[in-house]
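Chains as they are written, first to last, in the numbering used here: chain S, 14 to 309; chain L, 2 to 268. Heads up, the beta-carbon is just placed ideally off N, CA and C, and yes, glycines get one too.
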Amino acid sequence: MTGTDLKSAGSTGGSRSPGRRGVRPADDSRGLLAPFILAWRFRELIVAMLRRELAERFRHTIFGWAWAVIGPLVSLAIYTIAFTGVMRLPVGSARGGTANYALSTFIGLIVFNLCAELCYRSPLLLHEHAAYIKTSIFPSETLAWTAVMRGFTYAGISLAVLLVFALAINGTLQPTALLLPLVIVPLGLMLLGLVWCLAALGAFTRDFAYLMITIVPVMMFATPVFYRISDIPETLRPLAYLNPLASAIEMARNLLIDGALPSASLYLAFLVAAFLVCRGGYAVFERYKGILVDVI
Amino acid sequence: MSSDIAIRCAGLGKAYQLYARRTDRLKQVAFGSFRRFYQEYWVLRDINLEVARGECVGVVGHNGAGKTTLLQLLCGITRPTCGELEVNGRLAPILALGSGFVGDISGRENALLGGAMLGLRRAEILRRLPAIGEFAGIGPFIDQPVRLYSSGMRSRLAFSICAHADADIMLIDEALAVGDAVFRRKCLRFLEAFRRFGTLLVVSHEDDQIAAMCDRVVWVDDGRIRASGSAAEILALYREATRRDEDNGSRFRFDSAAHAPAPPGAD
C-alpha cells in the first residue's frame, strides 16, 4: 500500500519538480588546495575534536595513556620472539640480524595498522558523528582530518617506541631518520583521501564497513609487512610498488634502517599519487556532501 | 540594502529521496548522473520568506509540517533541492539541545567543543566559560561528565553555549520546552535583550510564548507557507484550524506535500 503511494507521489512530483539550480554553491570546495584551505579555516574545530577523541580514548582506564605505549611494545616483543625463535627468517631480511628484522617488521606494522584502523573506521565515520551533522552547523569534511590526525597520534607513539628500540639495539640512529616527515606527510595526504572517499560511500550503506573487515586482513599479505620488497622475485617487484603502502613502508625502512635515501623516482611518484588521492577523495566527498546528511 | 535582510528564501524546496530497495541507494551513487533510482518526497515547497534584521519571527505548524526542515535548510545542515537562499550573519541554531554532547567528558570540555562548532576561537570560549557556567546555573556540575546531567541540565548548558556564541541570527526549535520556569524566564530575558541587535526565528508549539516574543508568525502546513502575518492574526487562524483538526493517520502522508489533500477514503 505504501509502495503505491510512493510511486504516485514520485511520478507526479518528478514531472513537476523545479529545475535544480545551483543552490548556494560551496564557495571554497573547488581549487586544487581546497582540502587545505578547509583545514586551515576549521583548524580550531579540528583541534577541539581531536582533543576530545584523545581525551576520551583511555578515560576509563587506570593505566591511561600507558596503554598506547604498552600495545606497540607487546607487539614488537611478540614479533621479535616469533620471528627469531619460532619461525625461520626470510632470507633477505636476515641481513642485519634479527633485531633489525624486528625493526623492519615493526615499521611495516605501524604503517599498516594506521591504514587498517582508518579503513575500518572511515565507512562509519559519519554515522559515528550523526548527532553533530544532523543538529548543528558541522563541517563534516573536517572529520577526515580529525580521524587521520588521531591515527597519526597513535602511530607517533609507536614510532617513538620504535626509535627508542632502534637506539637501544644499534646504539645510534640513522641520520636519515630526520627525513621521515617527508614520507609521513604524503602518507597522511593519501590516507585523508581514502577516509573522505570511504566515509562518503559508507554513509550510503554500511556494507563498506564489512567489505573493509573482509579485505584489510588480506591486504596485510599483499603489503610488505613481514618481508621486504627486495625479498620478492624481481619480476614481481614493480607490482609490489603499485601498493602505495608498500612504497611508504619501504621508504621509511630506507630512512630508518638502511640509512639511505629512497629512489627519487619512487618518492616523486609517491608524492604525486598522494596528492591525487587526497584531492580525489575530497572531490568524492564534496560531490555527495549535499545528500549525505539525508542518508545517515 | 541586502544587509538589512537577515534571511531571504525564494521558491525554496526540499525533497528527500526515498529508496524502495537498499541497493537502489548504491545504484544512485554509481549511476546517479544517468538515471534516478529514488522517489522524491517533498518536505518543503515554494517557501518564500524574508526576515529583516532585528525581526523576531515565529513558526507554527503541526508535527511533520516541515518546520524543523526549514530551520535545517536555513543553517545549511541540509541542502535545498531547489530555490534560492540567502543568510546574512552568523548563525547559532538551537535545534536539539544537548544532543551534540559527549557523555564522557565534562561540561566544560563540551562547551569548548560546542563553541568550536559554532565557530568560536578556543581563547574566546575559555574567556566566556565562567559566563557560560553562570548562565547555565549548574554550579559545580560543569566539571562533571555530561552523562551525569539531567536532561534539564543538559539543555541549560546547551542553551548557554549558544547564547554566548555572538550570533547574529538565532534559530530556536522547541528549545525552551525542557527548562524549568526559572530558567525559561532567564532565557526569555536573554532573548529579549538579543533582539535589540539580533534576528530570531522561533519554532514553538506554545502559542503564548510566540505571541509574547514574535512580531510576525509564519504558519507552515504540508510543506508550504499557509499564512503569514501579524502574530495575533496568524495564531488565531492556526488555533481555529487546529481546533477542528483531528489527530489521525491522515496527517502523515507521503504524497501530502505534492498534492492537494487526498479525497477522504482514498486509501
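Partner residues on chain S for residue i, Cβ-Cβ distance less than 7 Å
| i | result |
| --- | --- |
| D346 (chain L) | Absent from the structure is residue 346 (chain L), since the part of chain L shown begins at 2 and ends at 268. |
| V61 (chain L) | Those do not exist, as V61 (chain L) stays about 21 Å from chain S at its closest Cβ, beyond 7 Å. |
| L130 (chain L) | What L130 (chain L) touches in chain S: nothing, since even the nearest Cβ is about 14 Å away. |
Interface residues of chain S facing residue i [CB-CB closer than 9 Å]
| i | result |
| --- | --- |
| P94 (chain L) | T148, S149 and I150 |
| C76 (chain L) | S149 and I150 |
Chain S residues whose Cβ lies nearer than 8 Å to that of residue i
| i | result |
| --- | --- |
| T243 (chain L) | Simply none; closest approach about 25 Å. |
| V44 (chain L) | Going along chain S, no residue has its Cβ under 8 Å from V44 (chain L), so there is no contact; the nearest lies around 10 Å. |
| V30 (chain L) | L214, F217 and Y301 |
Minimum C-alpha distance to residue i - residue among the options
| i | options | result |
| --- | --- | --- |
| V198 (chain S) | S:Y280, S:P85 and S:I170 | S:Y280 |
| R91 (chain L) | L:M171, L:R109, L:A242 and L:G108 | L:M171 |
| G84 (chain L) | L:L71, L:D47, L:I95 and L:V60 | L:D47 |
| Y150 (chain L) | L:F102, L:R186, L:L119 and L:G65 | L:F102 |
| C188 (chain L) | L:R122, L:A164, L:A132 and L:D169 | L:A164 |
| P81 (chain L) | L:Y17, L:D222 and L:F35 | L:Y17 |
| A95 (chain S) | S:G84, S:T111 and S:P85 | S:T111 |
| I95 (chain L) | L:E241, L:I162 and L:P146 | L:I162 |
| M118 (chain L) | S:R72, S:H142 and S:P85 | S:H142 |
| E87 (chain L) | L:V219, L:L74 and L:R123 | L:L74 |
| R54 (chain S) | L:G120, L:K68, L:G230 and L:R197 | L:G120 |
| L63 (chain S) | L:R245, L:G224 and L:N111 | L:N111 |
| A173 (chain S) | S:V231, S:I120, S:E69 and S:S243 | S:I120 |
| G44 (chain S) | S:Y114, S:C291 and S:A222 | S:C291 |
| A115 (chain S) | S:T155, S:S149, S:A90 and S:A129 | S:A90 |
| R1 (chain S) | S:A160, S:E154, S:Y254 and S:D271 | It is not possible to answer for residue 1 (chain S), since the shown part of chain S is limited to 14 through 309. |
| A212 (chain S) | S:V231, S:I50, S:I304 and S:E263 | S:I304 |
| F125 (chain S) | S:L204, S:I270 and S:F178 | S:L204 |
| F38 (chain L) | L:E51, L:R23, L:V52 and L:L45 | L:R23 |
Beta carbon of residue i nearer than 8 Å to that of residue j
| i | j | result |
| --- | --- | --- |
| D127 (chain S) | G184 (chain S) | Contrary to the premise, residue 127 (chain S) reads as Leu rather than Asp in this sequence. Taking 8 Å as the Cβ cut-off, L127 (chain S) and G184 (chain S) do not qualify as a contacting pair. |
| S117 (chain S) | R241 (chain S) | yes |
| C10 (chain L) | V203 (chain L) | no |
| P275 (chain S) | R219 (chain S) | no |
| V256 (chain S) | T236 (chain S) | Here residue 256 (chain S) turns out to be Asn, not Val, going by the sequence shown. The answer is yes: Cβ separation under 8 Å. |
| D144 (chain L) | S107 (chain L) | yes |
| H200 (chain L) | A7 (chain L) | As written in the sequence, residue 200 (chain L) is Thr, which differs from the His given in the question. Their beta carbons are under 8 Å apart, which means T200 (chain L) touches A7 (chain L) by this criterion. |
| Y295 (chain S) | G206 (chain S) | yes |
| V82 (chain S) | I170 (chain S) | yes |
| V196 (chain S) | A261 (chain S) | yes |
| L131 (chain S) | V208 (chain S) | yes |
| L268 (chain S) | A190 (chain S) | yes |
| I59 (chain S) | A68 (chain S) | no |
| L1 (chain L) | V218 (chain L) | Residue 1 (chain L) is absent from the model: chain L starts at 2 and stops at 268. |
| L27 (chain L) | Q40 (chain L) | no |
| R157 (chain L) | G138 (chain L) | yes |
| A233 (chain L) | A212 (chain L) | yes |
| T79 (chain L) | D271 (chain S) | no |
| G153 (chain L) | G180 (chain L) | yes |
| D223 (chain L) | T69 (chain L) | no |
| V180 (chain S) | L186 (chain S) | Sequence inspection shows Leu at residue 180 (chain S); the Val mentioned does not correspond to that position. Cβ distance < 8 Å, so L180 (chain S) and L186 (chain S) count as in contact. |
Closer than 8 Å at the beta carbon, the chain L residues around residue i
| i | result |
| --- | --- |
| T218 (chain S) | R23, R26 and L27 |
| M62 (chain S) | L114 and A117 |
| I242 (chain S) | Here the premise fails: no neighbours, minimum Cβ distance about 34 Å. |
Chain-ordered chain L contacts of residue i [CB-CB under 7 Å]
| i | result |
| --- | --- |
| E57 (chain S) | A117, R122 and R123 |
| D307 (chain S) | Y17, Q18 and T79 |
| L138 (chain S) | Residues of chain L passing the Cβ test: none, with the nearest at roughly 16 Å. |
| R65 (chain S) | V103, I106, E110 and L114 |
| I226 (chain S) | Under the 7 Å cutoff, chain L gives no residues; its nearest Cβ is about 18 Å from I226 (chain S). |
Within chain L, the residues that residue i reaches when beta carbons sit closer than 9 Å
| i | result |
| --- | --- |
| P144 (chain S) | Checking the displayed sequence, the identity of residue 144 (chain S) turns out to be Ala instead of Pro. Those within 9 Å of A144 (chain S) in chain L are A97, S100, G101 and F102. |
heavy atom of the ligand SAM below 7 Å from residue i C-beta
| i | result |
| --- | --- |
| S152 (chain L) | No copy of the ligand SAM appears in this structure; indeed no ligand is present at all. |
Proximal chain C residues relative to residue i, where beta-carbon distance stays under 8 Å
| i | result |
| --- | --- |
| I120 (chain S) | In the structure shown, chain C cannot be found, because the protein chains are S and L. |
* Asked: Which residue spans inside the stretch 139–180 of chain L form an unbroken alpha helix (DSSP H) run of at least 4?
  -> 152–164
* Jot down the residue ranges of each uninterrupted alpha helix (DSSP H) in the stretch 46–126 of chain L, minimum 4 residues, whole runs only, in chain order. => 68–75 and 108–118
* **Residues from the stretch 85–96 of chain S in contact with chain L, defined by Cβ distance under 8 Å** => none
* Quick one: complete alpha helix (DSSP H) runs, 4+ long, within the stretch 229–307 of chain S? -> 250–254 and 257–266
* Output the residue ranges of the alpha helix (DSSP H) runs that lie fully inside the stretch 180–217 of chain S and measure 4 residues or longer, sorted by chain position. => Secondary structure within the stretch 180–217 of chain S: the alpha helix (DSSP H) runs of 4 or more consecutive residues, fully enclosed, are 194–217 (chain order).
* **Runs of alpha helix (DSSP H) wholly within the stretch 5–44 of chain L (minimum 4 residues, chain order)** => Look at the stretch 5–44 of chain L and you find these whole runs of alpha helix (DSSP H), each 4 residues long or longer: 23–32.
* Contact set between the stretch 250–275 of chain S and chain L, restricted to residues whose Cβ is under 8 Å from the partner -> If the cut-off is 8 Å between Cβ atoms, the stretch 250–275 of chain S has nothing near chain L.
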